[in-house]
Amino acid sequence: SDLYRVDGWGAPYFTVNSSGDISVLPHGTDTLPHQEIDLLKVVKKASDPINAGGLGLQLPLVVRFPDVLKNRLESLQSAFDYAVQSEGYEAHYQGVYPVKCNQDRFVVEDIVKFGSGFRFGLEAGSKPELLLAMSSLCKGSSEGLLVCNGFKDAEYISLALVARKLQLNTVIVLEQEEEVDLVIDISHRMAVRPVIGLRAKLRTKHSGHFGSTSGEKGKFGLTTTQILRVVRKLEESGMLDCLQLLHFHIGSQIPSTALLADGVGEAAQVYSELVRLGAGMKFIDIGGGLGIDYDGTKSSDSDVSVGYGLQDYASTVVQAVRFVCDRKNVKHPVICSESGRAIVSHHSVLIFEAVSSTTTRSQELSSVGLQSFVEKLNDDARADYRNLSAAAIRGEYDTCMLYADQLKQRCVEQFKDGNLDIEQLAAVDAVCDFVSKAIGAFDPVRTYHVNLSVFTSIPDFWAIDQLFPIVPIHKLDERPSARGILSDLTCDSDGKIDKFIGGESSLPLHELGSGNGAPYYLGMFLGGAYEEALGGLHNLFGGPSVLRVSQSDSPHSFAVTYAVPGPSCADVLRAMQHEPELMFETLKHRAEEFMHKEEEKEEDKEVAFASLASSLNQSFHNMPYLAPHSSC
Ligand code: PLP
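If you read the sequence shown in full-length UniProt numbering, its first letter stands for residue 50, the second for the next number, and so on.
Structure (structure tokens):
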């Protein structure tokens, strides 16, 4: 299992069990005996046909584990509770979940439910997110915050004020200076006393990929001058007491606690200044940025890892706020964080199948007519061939590679000039592969075709080179005999995964088809944040099927509490304004016209219609097809 570093990135939720499968520990290692769910059994339950006791779902599959979500939330809260207690901090921590990380209804509702015992709230960054957060929080703790971030127009602000009227603990966080005028104006008209926050543009800069939002030139937040102008405006309107929260966000995946302490310390100074200026300050909201360790290296030097754990993070934040507030004699604020990645990443696993594999392996040398091959080469190429053979006999690796390259190039040129036939061109590959293999340089990386769209399911890999752990979910007790890159089913050369954690350009993989052609399943882990929300419809590939799996009573059994197939062809076509019903009618008429002309058999026509119907709209599925000339 250490080929895939499961113990590093997977702890405490994923491990390799004695059958060589990945097991999910839904409660981490918090329960004794550890509860374990074998992921392969879950996939079988999901994908086996209905008549064989399965759910008949197609892969790819997103499997969600709400128990993992609960554990993440509780672990974050406990880390802050411990830090508050051990630092003698005189206020509490209450977090919010930024719904943009995964807006799935069940994810959001679960977080509200699991967090209601400790005032956990939600953060929204747009009007639809605000609406979903408002309705979800109706079932949560009345003290849970509803933090309204993002660019705001009058409609957004009115909605946020309605939320306040509904007794939701709403804070409108000013991201642009103009928003303060709208808030003052609309709250007067609606006769609501708002609670206002402001987002400060800190000078502290996070230099990693996710830090482009930070620093003086960052996209979001108010500069020092703007903060002072906002304070003045609120004071003039008699609303300075409404300003109660200071927010900042220096970027996701903050690599080290040193940078975190720097940012939080600077924000605590701004907070203290706002207190001095007379604002009704109560909360410091440190944004997101709590990172996770995608490659299991616990390193602060990479975008895919972080050099700290939950407890280090919480303690650093609490210490940094306390230090500044104590020096300035300011009452300790309630600490809020907007951790998204750290809460939802672990709880969902994307499962997909490798359906075929190819190598660039050329024909066997024995099938090449060497004599005639050499004869047809031009003089230069023939010299390369002789040099290559001589270097191979002497075992000179580098020289061999040099002549092999040169020979190939010359043959391609000869082919382009029309002086070499295609069989000769294939033969040169066979000769070069044979020699490379003979001197031990032959390690062909295969291409494994996986039933997945990188653009839909792992968009950050394509967009920002973000790496995720990808691992076969079974056979981990067998040594993989090949290495491969993964190529998706889209018709796009970017639709491949050829970089893996640990800086590898291929993944150790097993032979396909061993074990009587049994399927070979791979899992992409730690992708519960951002990936589902960002994924697009490139090539009109719909999203995966989704399954929710909870622990049932005994330590090794599980229950599927929700299962939904991925979007049909008709669903994705509709997303691009096509009308599947009309498309079906058009194609049906065409079939009637042409299949009639060809004098097809009636049952062939039925098969064609049924296949169009089932692809274009699920609702045609159960509709008995009536052949146009049949009587009924
Ligand atoms: N809050 C704000 C304002 C953000 O922009 C983000 C994401 O970048 C988050 C919270 C969530 O950050 P993370 O996923 O690093 O916890």
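The beta-carbon is built from N, C-alpha and C at its ideal position, and this holds for glycine as well.
Exercise. Would the beta-carbon of Glu387 be found less than 6 Å away from any heavy atom of the ligand PLP?
Worked result: As a first step, residue 387 is located in the sequence shown; it is residue number 338 there, counting from the start. For the ligand PLP, at least one heavy atom lies less than 6 Å from the Cβ of Glu387.
Problem set entry | Collapsed DSSP secondary structure at residue 717 in the structure displayed | The displayed coordinates of the chain run from 50 to 681. Any statement about residue 717 would go beyond what the structure contains.
Exercise. Which of helix, strand or coil does DSSP assign to Ile546?
Worked result: Position 497 of the sequence shown, counted from the start, is the residue given in the question as residue 546. Three-state DSSP puts Ile546 in a strand.
For this session: Might you give, ordered along the chain, the residues of its own chain that have their beta carbon closer than 6 Å to the beta carbon of Thr64, omitting 5 neighbours on each side?
Result: Position 15 of the sequence shown, counted from the start, is the residue given in the question as residue 64. Ser72.
Exercise. Is Ser207 near the ligand PLP, in the sense that its beta carbon is under 6 Å from a heavy atom of that ligand?
Worked result: Counted from its first residue, the sequence shown places residue 207 at position 158. No, the Cβ of Ser207 stays beyond 6 Å of every heavy atom of the ligand PLP.
Exercise. From Ser190 to Ile303, what distance separates their C-alpha atoms?
Worked result: Position 141 of the sequence shown, counted from the first residue, corresponds to residue 190. Position 254 of the sequence shown, counted from the first residue, corresponds to residue 303. If I take the Cα positions, the gap works out to 29 Å.
Problem set entry | Between the CA atoms of Asp51 and Asn66 - distance to the nearest angstrom | Indexing the sequence shown from 1 puts residue 66 at position 17. Indexing the sequence shown from 1 puts residue 51 at position 2. Looking at the two C-alpha atoms, the distance is approximately 13 Å.
For this session: Could you check the C-alpha separation between Val222 and Lys331 for me, to the nearest Å?
Result: As a working mapping, residue 222 is identified with position 173 in the sequence shown. As a working mapping, residue 331 is identified with position 282 in the sequence shown. Rounded to whole angstroms, Val222 to Lys331 spans 14 Å at the Cα level.
Problem set entry | Pro147 beta carbon near the ligand MG (any heavy atom closer than 6 Å) | No copy of the ligand MG occurs in the structure displayed; its ligands are the ligand PLP alone.
For this session: Check whether the Cβ atoms of Phe163 and Lys119 lie closer than 7 Å to each other.
Result: Indexing the sequence shown from 1 puts residue 163 at position 114. Indexing the sequence shown from 1 puts residue 119 at position 70. Yes, the Cβ-Cβ distance between Phe163 and Lys119 is below 7 Å.
Exercise. Do the region 527–536 and the region 371–382 touch if we need at least three Cβ pairs shorter than 8 Å?
Worked result: no
For this session: Give the DSSP-derived three-state secondary structure of Ser68 in the structure shown.
Result: Within the sequence shown, the letter at position 19 stands for residue 68. Correct three-state label for Ser68: coil.
Problem set entry | Neighbourhood of Val379 by C-beta, 6 Å cutoff - its chain only, sequence neighbours within 5 removed | Translated into the one-based positions of the sequence shown, residue 379 becomes position 330. Within the same chain, Val379 has close Cβ partners Ser321, Val324.
For this session: Can you check the region 215–260 for any alpha helix (DSSP H) of at least 4 residues that lies completely inside it and give the ranges in chain order?
Result: 228–239
Exercise. According to DSSP, is Met573 helix, strand or coil?
Worked result: If you number the sequence shown from 1, residue 573 lands on position 524. Residue state, collapsed to three classes: strand.
Exercise. Asp290 CB to nearest chain D CB: under 7 Å?
Worked result: Looking at the structure shown, chain D is missing, and only one protein chain is on hand.
Exercise. Does DSSP classify Leu308 as helix, strand or coil?
Worked result: The residue given as residue 308 occupies position 259 in the sequence shown. Looking at Leu308 - three-state DSSP - the assignment turns out to be helix.
Exercise. Can you check whether the CB of Leu596 is closer than 7 Å to the CB of Ala95?
Worked result: As a working mapping, residue 95 is identified with position 46 in the sequence shown. As a working mapping, residue 596 is identified with position 547 in the sequence shown. Yes, these two residues count as a Cβ contact at 7 Å.
Problem set entry | Buried or exposed (CB count within 10 angstroms, at least 16 for buried), Val613 | Within the sequence shown, residue 613 is the residue found at index 564, counting from 1. Classification for Val613: exposed.
Exercise. For the region 493–507 against the region 106–117, are there 3 or more C-beta pairs whose distance is under 8 Å?
Worked result: yes
For this session: Report yes if the C-beta distance between Tyr53 and Val398 is below 7 Å; otherwise report no.
Result: Here residue 53 corresponds to residue number 4 of the sequence shown, with the count starting at 1. Here residue 398 corresponds to residue number 349 of the sequence shown, with the count starting at 1. Taking 7 Å as the Cβ cut-off, Tyr53 and Val398 do not qualify as a contacting pair.
Exercise. Hey, is the region 237–254 in contact with the region 294–301, meaning 3+ C-beta pairs nearer than 8 Å?
Worked result: yes
Exercise. So what's Gln600 in DSSP terms, helix, strand or just coil?
Worked result: Counting from one through the sequence shown, the residue named residue 600 turns up at place 551. It is a strand residue.
For this session: Kindly indicate which three-state DSSP category Phe169 falls into: helix, strand or coil?
Result: Numbered from its first residue, the sequence shown carries residue 169 at position 120. It is coil, neither helix nor strand.
Problem set entry | Assumed close pair His523, Val117 - CB separation to whole angstroms, cut-off 8 Å | What you label residue 523 is simply residue 474 of the sequence shown in a count that begins at 1. What you label residue 117 is simply residue 68 of the sequence shown in a count that begins at 1. Not confirmed; about 20 Å, so no contact.
Problem set entry | Cα-Cα separation, Asp526 to Pro568 | Residue 526 sits at position 477 when you count from the first residue of the sequence shown. Residue 568 sits at position 519 when you count from the first residue of the sequence shown. Using only the alpha carbons, I get a separation of about 16 Å.
Problem set entry | Asn671 versus Thr539 - alpha carbon distance | Counted from its first residue, the sequence shown places residue 671 at position 622. Counted from its first residue, the sequence shown places residue 539 at position 490. Below a pLDDT of 50, predicted positions are generally treated as unreliable, and Asn671, at 35, falls in that range; no measurement from the model is reported.
Exercise. How would you call Val91, buried or exposed, if buried means at least 16 neighbouring beta carbons within 10 angstroms?
Worked result: Position 42 of the sequence shown, counted from the first residue, corresponds to residue 91. It is buried - the Cβ of Val91 has at least 16 other Cβ atoms within 10 Å.
Problem set entry | Local conformation of Phe63 per DSSP, three classes | Taking the first residue of the sequence shown as 1, we reach residue 63 at position 14. Phe63: strand per DSSP, three-state reduction.
For this session: Count the other CB atoms, across all protein chains shown, that sit within 10 Å of the CB of residue 712; report buried if there are 16 or more and exposed otherwise.
Result: Given that the chain is displayed from residue 50 to residue 681, the structure contains no residue 712 and the question cannot be resolved.
Exercise. Near Gln225, what residues of its chain come up, given a Cβ to Cβ distance below 6 Å and the 5 sequence neighbours on each side ignored?
Worked result: For the purposes of this step, residue 225 is taken as residue 176 along the sequence shown, with counting starting at 1. Result list for Gln225: empty, nothing under 6 Å.
Problem set entry | Check: Asn500 C-beta below 6 Å from any heavy atom of the ligand PLP | In the sequence shown, counting from the first residue as 1, residue 500 sits at position 451. Checking every heavy atom of the ligand PLP against the Cβ of Asn500, none is found closer than 6 Å.
Exercise. Using a threshold of 6 Å, is the CB atom of Ser555 nearer than that to any non-hydrogen atom of the ligand PLP?
Worked result: Reading the sequence shown from its first residue, position 506 is the one you call residue 555. No, the ligand PLP has no heavy atom inside 6 Å of this Cβ.
For this session: Select from Ala310, Gly312, Ala369, Pro382 the residue whose C-alpha is nearest the C-alpha of Ile333.
Result: Residue mapping note: residue 333 aligns to position 284 of the sequence shown, counting from 1. Measuring from the Cα of Ile333, the nearest candidate turns out to be Pro382.
For this session: Evaluate the contact criterion for the region 427–446 versus the region 506–518: three or more CB pairs, one atom per stretch, below 8 Å.
Result: no
Problem set entry | Inter-residue spacing [alpha-carbon to alpha-carbon] between Asp509 and Glu580 | Indexing the sequence shown from 1 puts residue 509 at position 460. Indexing the sequence shown from 1 puts residue 580 at position 531. Looking at the two C-alpha atoms, the distance is approximately 7 Å.
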